[in-house]
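I have placed the structure first, in the form of C-alpha cells, so that the comments after it can refer back to it.
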Amino acid sequence: MKTQLPDYHAVRWNEPIIYQLGAEGRRGCRLPEVEEEIRASVGDIASRIPEKMRRKVPPRLPELSEPEVVRHYIRLSQQTYGVDSGIHIHGTCTMKYSPKMNEALARSSKLADIHPLQDVETAQGILQIMYELQGWLCELSGMDEFSLQPRGGAHAVFSNAHLIRAYHKFNRELEQRNEIITTVLSHPCNGGSPAAAGFKVVTLYPDEETGYPNIEALKTAVSKRTAGLMMTDPYDTGVFDRNIEEYIKIVHEAGGLVAIDQANANSILARIRIGDLGADLCHFNLHKSFSTPHASTGPGSAAIGAKKGLAKFLPVPVVNYDGKKYYLDYDRPHTIGKVAEFYGVIPNILRAYAWIMMMGAEGLEEVSEVAVINNNYLVKKLLEVRGVSLPWQKAHPLRLQEARFSLQKMKEETGVGIADINHRIVDYGLQDMETSHEPWIVPEPLTPEPPESTPKEDLDRIAQVMHEISREAYTNPEIVKTAPHNAAISKIDTSPSSDPAKWAMTWRAYLKKTRSDK
Amino acid sequence: MLDEIGVKSVEELFADIPEKMRYRKRLNLPHPKSEYEVRRHVESLLSKNRTCNELISFLGAGCWQHFVPAVCDEINSRSEFLTAYAGDPYTDLGRYQSFFEFQSMIGELVDMDVVSFPWYDWATVAGDAVRMALIVTNRHELLVPRTISPERLSVLRTYCDGQADIRLVECNTETGQLSVEDLKRKISQKTAAVYIENPAYLGFIETGGEEISEIAHGNESLFIVGVEPLSLGILTPPGEYGADIVCGEGQPLGMHMYYGGALLGFLACRDDERLVSAVPHRLVTITKTEREGESGFAYVLPKRTMFAARDKARSFTGTGTALWAITAAVYMSLLGPQGIRELAEAIMEKSHYAIKRLSEIRGLKVPVFNAPHFEEFTVNFDAAGKPVQEINRLLMKSGIIGGKDVTQEFPELGQTSLFCVTEIHSKAEIDKLATALQEVVR
Numbered sequence: 152m153k154t155q156l157p158d159y160h161a162v163r164w165n166e167p168i169i170y171q172l173g174a175e176g177r178r179g180c181r182l183p184e185v186e187e188e189i190r191a192s193v194g195d196i197a198s199r200i201p202e203k204m205r206r207k208v209p210p211r212l213p214e215l216s217e218p219e220v221v222r223h224y225i226r227l228s229q230q231t232y233g234v235d236s237g238i239h240i241h242g243t244c245t246m247k248y249s250p251k252m253n254e255a256l257a258r259s260s261k262l263a264d265i266h267p268l269q270d271v272e273t274a275q276g277i278l279q280i281m282y283e284l285q286g287w288l289c290e291l292s293g294m295d296e297f298s299l300q301p302r303g304g305a306h307a308v309f310s311n312a313h314l315i316r317a318y319h320k321f322n323r324e325l326e327q328r329n330e331i332i333t334t335v336l337s338h339p340c341n342g343g344s345p346a347a348a349g350f351k352v353v354t355l356y357p358d359e360e361t362g363y364p365n366i367e368a369l370k371t372a373v374s375k376r377t378a379g380l381m382m383t384d385p386y387d388t389g390v391f392d393r394n395i396e397e398y399i400k401i402v403h404e405a406g407g408l409v410a411i412d413q414a415n416a417n418s419i420l421a422r423i424r425i426g427d428l429g430a431d432l433c434h435f436n437l438h439k440s441f442s443t444p445h446a447s448t449g450p451g452s453a454a455i456g457a458k459k460g461l462a463k464f465l466p467v468p469v470v471n472y473d474g475k476k477y478y479l480d481y482d483r484p485h486t487i488g489k490v491a492e493f494y495g496v497i498p499n500i501l502r503a504y505a506w507i508m509m510m511g512a513e514g515l516e517e518v519s520e521v522a523v524i525n526n527n528y529l530v531k532k533l534l535e536v537r538g539v540s541l542p543w544q545k546a547h548p549l550r551l552q553e554a555r556f557s558l559q560k561m562k563e564e565t566g567v568g569i570a571d572i573n574h575r576i577v578d579y580g581l582q583d584m585e586t587s588h589e590p591w592i593v594p595e596p597l598t599p600e601p602p603e604s605t606p607k608e609d610l611d612r613i614a615q616v617m618h619e620i621s622r623e624a625y626t627n628p629e630i631v632k633t634a635p636h637n638a639a640i641s642k643i644d645t646s647p648s649s650d651p652a653k654w655a656m657t658w659r660a661y662l663k664k665t666r667s668d669k
Numbered sequence: 006m007l008d009e010i011g012v013k014s015v016e017e018l019f020a021d022i023p024e025k026m027r028y029r030k031r032l033n034l035p036h037p038k039s040e041y042e043v044r045r046h047v048e049s050l051l052s053k054n055r056t057c058n059e060l061i062s063f064l065g066a067g068c069w070q071h072f073v074p075a076v077c078d079e080i081n082s083r084s085e086f087l088t089a090y091a092g093d094p095y096t097d098l099g100r101y102q103s104f105f106e107f108q109s110m111i112g113e114l115v116d117m118d119v120v121s122f123p124w125y126d127w128a129t130v131a132g133d134a135v136r137m138a139l140i141v142t143n144r145h146e147l148l149v150p151r152t153i154s155p156e157r158l159s160v161l162r163t164y165c166d167g168q169a170d171i172r173l174v175e176c177n178t179e180t181g182q183l184s185v186e187d188l189k190r191k192i193s194q195k196t197a198a199v200y201i202e203n204p205a206y207l208g209f210i211e212t213g214g215e216e217i218s219e220i221a222h223g224n225e226s227l228f229i230v231g232v233e234p235l236s237l238g239i240l241t242p243p244g245e246y247g248a249d250i251v252c253g254e255g256q257p258l259g260m261h262m263y264y265g266g267a268l269l270g271f272l273a274c275r276d277d278e279r280l281v282s283a284v285p286h287r288l289v290t291i292t293k294t295e296r297e298g299e300s301g302f303a304y305v306l307p308k309r310t311m312f313a314a315r316d317k318a319r320s321f322t323g324t325g326t327a328l329w330a331i332t333a334a335v336y337m338s339l340l341g342p343q344g345i346r347e348l349a350e351a352i353m354e355k356s357h358y359a360i361k362r363l364s365e366i367r368g369l370k371v372p373v374f375n376a377p378h379f380e381e382f383t384v385n386f387d388a389a390g391k392p393v394q395e396i397n398r399l400l401m402k403s404g405i406i407g408g409k410d411v412t413q414e415f416p417e418l419g420q421t422s423l424f425c426v427t428e429i430h431s432k433a434e435i436d437k438l439a440t441a442l443q444e445v446v447r
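If you're matching them up, the sequences are chains L and B in order.
In the numbering used here, each number is its position in the first sequence, counted from 1, plus 151.
In the numbering used here, each number is its position in the second sequence, counted from 1, plus 5.
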C-alpha cells in the first residue's frame with residue numbers, strides 16, 4: 152500500500168528574541184510580602200552592603216507580563232520537536248516514549264519540595280526508591296553495587312575512570328598505569344572522560360570485516376601501563392562486539408580493569424548481564440534505556456555499577472539500608488569522594504523506578520525484543536533505498552538497537568550528502584537523524600534508532616520518506632541541497648561559529664557586535 | 006515483521022550474541038504492574054517523605070527553598086521541551102532560542118558576555134572553570150578560601166585529582182573575609198586560578214573581590230567567582246570586580262528542591278578567544294538566516310568539545326540540564342530587573358530580621374562573622390551548652406527543620422549551624438523559630 156506523504160510545514164512564528172518583547176516597567180510576578188514590622192525593624196537593607204559591593208544598575212532582564220512570558224515560551228515549545236511531537240528516532244539516544252504517569256509522580260510535591268539535608272527520617276520514601284533501584288540495576292547488570300550519583304553518561308564514564316584511578320592508587324600502581332584503552336566506535340566520552348580524569352587514551356579502530364577491533368590489536372595495545380579498557384557495547388552501529396569476553400580476559404591479565412558503557416542497553420535488557428561476562432564496572436543511562444525523558448538535553452541521569460572489589464571506591468553517598476531505615480552512607484574510607492552535589496537527579500531516579508516496576512522482567516525482555524525487531528525491519532526497508540548501504544553488512548546483516556548506514560554512494564552519484572538529507576528529512580515532518588559521532592568511520596553516516604515505542608506505520612513512513620528523498624537526489628538534487636523548505640526557519644548562516652568578531656552567546660554581546668559593525 | 010526481515014524467530018535476531026554470553030534466567034525484578042498499581046505503590050512510598058511545605062525549613066547550604074511561579078512548572082511540563090533532545094535548529098528552533106535567552110539573562114546577572122550550555126550543578130561547573138584555567142595558564146595549582154563549601158570542595162578534589170593541587174587560603178576569623186595577606190603569601194607561578202564564592206558558603210558577603218582580582222591578575226592567574234544568582238539582584242556582579250570566569254547554582258531560578266536533584270550549574274566567561282576555546286560545553290550563538298529579519302542559532306567552535314575532539318578536549322560534556330535552563334529563563338523573564346532587585350532585598354530583609362531576632366536569645370551568637378550577609382547566616386550554640394544535633398532534634402518537635410549542622414565541617418567554629426531565610430518565610434514563621442529556639446536553649 153502506498154500512501155501519499157503529507158503536506159507538512161513546521162510551526163513558524165518568527166518569534167522575536169525575548170529582549171525585543173515587552174515594555175519598560177512591565178512585570179510578570181508579584182513577590183511574597185515583606186511585612187511592615189520587618190521593614191521597620193531592619194531599616195534600609197541595602198545600606199548594610201559596602202558601597203563597592205552594592206549593585207548600581209539592576210541586571211538587564213526582559214520586562215514582560217505573565218501572559219506575554221507564557222505566550223513566548225509556548226511558541227518556542229511549539230517550535231521544538233520532541234518524542235511526543237512525531238517521528239523521532241535520533242540514533243544513539245534511545246528516544247523512547249516516557250509514560251505520562253511517571254511524569255505525574257515526578258511532579259508530586261512529596262518529591263519536589265524536600266530538601267537534601269533534611270533528616271533521613273523525613274525522606275524515607277525517596278531513599279527507599281533509590282535503594283531499590285540500585286538493587287534492580289545490580290540484578291540487570293550482574294554487578295554488586297550501584298551508585299545513582301552520575302548526572303549523565305559522560306559523567307558516569309568520568310566517575311568510572313576515577314574508580315579505576317582509585318583502584319590502581321590503592322594498589323600503588325597508578326603512576327605506572329596511566330593509559331585507558333578505548334575503541335573509536337565507542338561513544339566519544341569513553342575517550343574524553345578518562346582524559347579529563349588524567350589518563351592517556353589509546354584508541355583502537357575496527358577491523359574492516361567485523362566492525363570491531365581484532366584481538367591482536369588489543370593484545371598489542373595492552374601493557375603494564377594499561378589502567379583499563381573503557382568502551383561501549385553494543386556499539387552505535389548496532390553491532391555487538393562479541394570479542395568482549397576475550398578483551399576482558401586480556402585486560403585483566405595485563406592488570407587492568409574493564410568498564411563497559413551500556414548506553415545502548417535497550418537491546419540487551421534481560422539478555423546480557425555485563426557483570427557476568429567479567430566486566431568490573433559499567434553504567435546505564437536512565438534517560439536512554441529506562442525511559443526518563445531527554446528534557447531538551449538534560450537533566451539526564453546515569454548509574455554506575457561496580458563489582459565487589461571495586462564497590463568500596465564508589466562516590467559518596469551510597470544509599471543503604473540497615474534493616475530498619477534507609478540512610479546515606481558516607482562512611483566509605485576508600486571512596487573517590489564526590490562527583491557532584493548531593494545525591495543524583497532525583498526526579499529521573501523516580502521515573503526510572505516507576506518504569507522498571509511497570510515493566511517487570513518480562514516487560515524488559517519484551518522491550519528489547521520489540522526494539523530489535525523494529526530496527527531490523529527498518530534496516531531491511533532502508534537498504535531498499537537507492538544509494539544507501541550498511542557497512543559490515545556481510546558480517547552483521549542483523550543489528551541490535553540501531554544501525555549505521557552510509558549514504559556515500561548517493562553522495563558520489565548525486566552530490567547530495569547526509570547533511571543535505573538531514574535538512575530535507577525535516578521537510579517531511581520527521582525529526583532529523585543522528586549522523587555519527589566523530590571521527591566518521593562510516594562515510595556519510597545515518598544512524599536511526601527506532602525504540603520499542605515506534606509503531607510499524609512510523610517505520611514504513613521513514614522508509615517512504617527516504618525513498619522520496621533518494622528519488623529527489625537522483626532527479627532534482629537542488630531541492631535537497633537547498634533544504635529545508637518547510638521548517639521554522641530558512642538556511643542558517645553558520646559563519647559566526649568560528650568568528651570571534653561575530654559570535655554572540657548573549658544578547659548583550661550581539662548588541663555590542665552588531666553596533667560596531669555599523 | 007519477522008517475515009519481512011527474513012527470520013523465523015526473534016531469537017535469530019540476537020544470533021550475534023554468543024549463547025554462552027546470554028543470560029537465560031528470569032531476572033529477580035518485580036512482577037509487571039499496571040499504571041494504577043505503580044501509582045498507588047509509589048505514592049504510598051512518597052507519602053513517607055515530609056516536605057518543607059508541611060514543615061518550616063531553614064535549610065540552605067547549596068539548595069534553597071524559594072517561591073516557584075506556576076509558569077515555570079507549566080513551561081517545563083510542555084511535552085515538546087520535555088521530550089526533545091538533540092535535533093538541530095531547523096526542528097528545535099525553540100529549544101535553541103530558549104538556550105540563547107538563558108545565556109543572555111545569566112550574562113546580565115553576572116556581567117559576562119559569554120555563557121555556556123547549562124550543566125549539572127555549581128560544583129561541577131566550578132570544576133570546569135578550574136579545568137579551563139589549567140588549560141589557559143598551563144599551571145597546576147588552585148587557591149580557594151578555607152570557607153569554601155565542603156560539598157563543592159569535595160567535588161573539586163575529584164575534578165582536580167592528578168591534575169592540580171588545591172590549596173586553602175586562610176580567612177579572617179572575625180569577618181570570614183579571605184585573608185589578602187595569606188593569598189599574597191600563597192600565590193605563585195604555579196597558581197592557575199584563585200576561586201572565591203560570593204556569598205560565601207557560610208552566608209557572608211565577600212567584599213574584597215576587587216583586591217583579590219588584582220592580586221590574581223598581577224600574578225597572571227585567572228580569577229573565578231562562584232555565585233548564588235538571586236544575590237546579584239543587589240550585589241555587584243563578578244564581571245564588574247574582575248572575574249574571568251563565573252560559575253554558580255541556578256536552582257533558585259525556578260526549580261523545586263527535589264531533594265537536591267534539580268540543580269543547574271551555569272558557567273560564564275569573558276568574550277576572550279582563549280577562554281572560549283577552553284569552555285568544555287556547547288555554546289550557542291545567535292546568527293542570521295537566508296531570510297531577512299529571521300534569527301537562527303549555531304554552535305560555536307563545535308570541534309572544540311569532546312564530541313569531536315574526544316580525548317584531545319581534556320574535558321567532557323554531554324547531556325546537561327537544558328530543561329532547567331529553559332525554566333530559569335522563564336523565571337528571570339517573569340521577574341525582570343526590578344523584580345530581581347526587590348526579591349534580593351526581600352530576602353535580605355527577612356534574613357536580617359531573623360538574625361536580629363535570634364541574636365536576642367541568650368546563649369546564641371548570631372552571626373558568627375561580623376560581615377554583611379545575604380540569605381544564610383551562622384548561629385553558634387557554644388554558650389547555650391547544647392550541641393546543634395540536639396537543638397535540631399528539639400526544633401523538629403515544633404515542626405521546624407533547623408539549620409545545617411556545620412560543626413563537623415568547620416570544627417574551629419564550635420557548635421555552629423547554618424540557617425537560611427528567604428522570601429518564602431513569613432514574619433510569623435521567623436518569630437516561631439525564635440520562640441522555639443528560646444525554649445530549646447533555656
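Just so it is clear, CB atoms sit at the ideal spot from N, CA and C, and this is done for glycine as well.
Notebook entry, point to check: First and last residue of the alpha helix (DSSP H) that includes Ser282/B?
Noted result: Locating residue 282/B in the second sequence gives position 277, counting from the first residue. In this chain, the alpha helix (DSSP H) harbouring Ser282/B covers 278 to 283.
Margin query: Quick check: what's the CA-CA separation for Cys340/L versus Ala491/L?
Written below: Walking along the first sequence from the start, residue 340/L turns up at place 189. Walking along the first sequence from the start, residue 491/L turns up at place 340. Going from the Cα of Cys340/L to the Cα of Ala491/L covers about 17 Å.
Margin query: For a cutoff of 9 Å on Cβ pairs, would you count Asn143/B as touching chain L?
Written below: As a working mapping, residue 143/B is identified with position 138 in the second sequence. It does not: the Cβ of Asn143/B has no partner Cβ on chain L nearer than 9 Å.
Check: For Arg302/L, which of Gly566/L, Pro466/L, Val496/L has the nearest alpha-carbon?
Finding: The residue labelled residue 302/L in the question sits at position 151 within the first sequence. Out of Gly566/L, Pro466/L, Val496/L, Val496/L has the C-alpha closest to the C-alpha of Arg302/L.
Note to self: With distance defined between alpha-carbon atoms, name the residue in Ser440/L, Thr377/L, Glu589/L nearest to Ser292/L.
What the structure shows: Counting from one through the first sequence, the residue named residue 292/L turns up at place 141. The shortest C-alpha separation from Ser292/L is found at Ser440/L.
Checklist line | Option nearest His261/B by Cα separation, candidates His71/B, Val281/B, Phe122/B, Gly65/B | finding: The count along the second sequence starts at 1 and reaches residue 261/B at position 256. Answer by Cα proximity: His71/B.
Item checked: Identity of the residue in Ala446/L, Asp480/L, Arg393/L, His266/L nearest Asn499/L by Cα -> Here residue 499/L refers to the residue found at position 348 of the first sequence. Checked all of Ala446/L, Asp480/L, Arg393/L, His266/L; the closest Cα to Asn499/L is Ala446/L.
Note to self: Please state whether the Cβ-Cβ distance between Arg309/B and Thr448/L is less than 9 Å.
What the structure shows: As a first step, residue 309/B is located in the second sequence; it is residue number 304 there, counting from the start. As a first step, residue 448/L is located in the first sequence; it is residue number 297 there, counting from the start. Contact flag unset, no.
Notebook entry, point to check: Does any residue of chain L bring its CB to less than 9 Å from the CB of Phe72/B?
Noted result: Taking the second sequence and counting its residues from 1, the one referred to as residue 72/B is at position 67. Yes, Phe72/B counts as interfacial toward chain L.
Notebook entry, point to check: Under a CB-based cut-off of 9 Å, is Phe382/B close to chain L?
Noted result: Numbered from its first residue, the second sequence carries residue 382/B at position 377. Not closer than 9 Å to any Cβ of chain L, the Cβ of Phe382/B fails to qualify, so no.
Next item on the list: Measure the CB-CB distance between Ala205/B and Pro155/B and report whether it falls below 9 Å.
Entry: Residue numbering aside, residue 205/B sits at position 200 when the second sequence is read from its first letter. Residue numbering aside, residue 155/B sits at position 150 when the second sequence is read from its first letter. No, they are not a contact pair.
Item checked: Best match in Phe104/B, Gly404/B, Ser109/B, Tyr28/B for proximity to Pro210/L [C-alpha to C-alpha] -> Your numbering for residue 210/L matches position 59 in the first sequence. The candidate whose alpha carbon is nearest that of Pro210/L is Ser109/B.
Next item on the list: Could you pull the start and end residues of the alpha helix (DSSP H) that His434/L belongs to?
Entry: Walking along the first sequence from the start, residue 434/L turns up at place 283. First-last for His434/L: 432 to 436, but that is the beta strand (DSSP E), not the alpha helix (DSSP H).
Notebook entry, point to check: For Tyr504/L and chain B, any beta-carbon pair shorter than 9 Å?
Noted result: As a working mapping, residue 504/L is identified with position 353 in the first sequence. Chain B contact via Cβ: present.
Notebook entry, point to check: From the beta carbon of Tyr200/B, is the nearest beta carbon of chain L less than 9 Å away?
Noted result: Translated into positions along the second sequence, residue 200/B becomes position 195. No, no contact with chain L.
Item checked: Reduced DSSP category for Met183/B - H, G, I as helix; E, B as strand; rest coil -> As a working mapping, residue 183/B is identified with position 178 in the second sequence. Just to set this straight, residue 183/B is Leu in the shown sequence, not Met. In this structure, Leu183/B counts as strand in the three-state DSSP scheme.
Check: Hey, does Gln327/L have any beta-carbon neighbour from chain B nearer than 9 Å?
Finding: For the purposes of this step, residue 327/L is identified with residue 176 of the first sequence, where counting begins at 1. For Gln327/L, the nearest beta carbon of chain B is not closer than 9 Å to its own beta carbon.
Check: Measuring CB to CB, does Glu296/L end up less than 9 Å from Lys476/L?
Finding: Taking the first residue of the first sequence as 1, we reach residue 296/L at position 145. Taking the first residue of the first sequence as 1, we reach residue 476/L at position 325. Note that the C-beta distance between Glu296/L and Lys476/L is not below 9 Å.
Next item on the list: Check whether the region 313 to 322 of chain B touches the region 647 to 666 of chain L, counting contact only when three or more Cβ pairs, one atom from each stretch, lie closer than 8 Å.
Entry: no
Check: Does DSSP classify Met382/L as helix, strand or coil?
Finding: What you label residue 382/L is simply residue 231 of the first sequence in a count that begins at 1. Looking at Met382/L - three-state DSSP - the assignment turns out to be strand.
Next item on the list: Measure the alpha-carbon distance for Thr333/L versus Trp69/B and round it to whole angstroms.
Entry: For the purposes of this step, residue 333/L is identified with residue 182 of the first sequence, where counting begins at 1. For the purposes of this step, residue 69/B is identified with residue 64 of the second sequence, where counting begins at 1. Answer to the nearest angstrom: the Cα atoms are 41 Å apart.
Next item on the list: Check each residue of the region 405 to 429 of chain L: if its Cβ is closer than 8 Å to any Cβ of chain B, include it; give the result in chain order.
Entry: Ile419, Ala421, Arg422, Ile423, Arg424, Asp427, Leu428
Check: Looking at the C-beta of Ile168/L, does it have a partner C-beta in chain B at a distance below 9 Å?
Finding: Counting from 1 along the first sequence, the entry for residue 168/L is found at position 17. So yes, Ile168/L belongs to the interface.
Margin query: Once DSSP output is grouped into helix, strand and coil, what is the label at Asn573/L?
Written below: Residue mapping note: residue 573/L aligns to position 422 of the first sequence, counting from 1. Helix at Asn573/L.
Item checked: Residues that Pro209/L contacts on chain B, provided the C-beta gap is smaller than 8 Å -> Here the question's residue 209/L lines up with position 58 in the first sequence. The answer, in chain order, is Gly238, Pro342, Gln343, Ile345, Arg346.
Margin query: Taking 7 Å as the limit between beta carbons, can you name the residues of its chain near Leu363/B, skipping five residues before and five after?
Written below: As a first step, residue 363/B must be located in the second sequence, where it is residue number 358. Leu369, Val371, Val384, Ala439, Leu442.
Item checked: Contacts of His36/B in chain L (Cβ-Cβ under 7 Å) -> As a position in the second sequence, residue 36/B is number 31, starting the count at 1. Under the 7 Å cutoff, chain L gives Gly511.
Checklist line | Local Cβ density within 10 Å of Thr586/L, reported as buried at 16 or more and exposed below that | finding: By one-based count along the first sequence, residue 586/L stands at place 435. So Thr586/L counts as buried.
Next item on the list: Let me know the secondary structure DSSP gives Arg172/B once reduced to three states.
Entry: As a working mapping, residue 172/B is identified with position 167 in the second sequence. The three-state secondary structure of Arg172/B, taken from DSSP, is strand.
Check: In the structure shown, what three-state DSSP assignment does Glu517/L receive?
Finding: Here the question's residue 517/L lines up with position 366 in the first sequence. Helix at Glu517/L.
Check: Which residues in chain B sit within 7 Å of Pro498/L, going by Cβ to Cβ distance?
Finding: Position 347 of the first sequence, counting from 1, holds the residue named residue 498/L. By Cβ distance, chain B contributes Tyr263, Gly266, Ala267.
Next item on the list: Would you kindly work out how many angstroms separate the C-alpha atoms of Asp473/L and Cys252/B, rounded to a whole number?
Entry: Position 322 of the first sequence, counted from the first residue, corresponds to residue 473/L. Position 247 of the second sequence, counted from the first residue, corresponds to residue 252/B. Those two C-alpha atoms are separated by around 38 Å.
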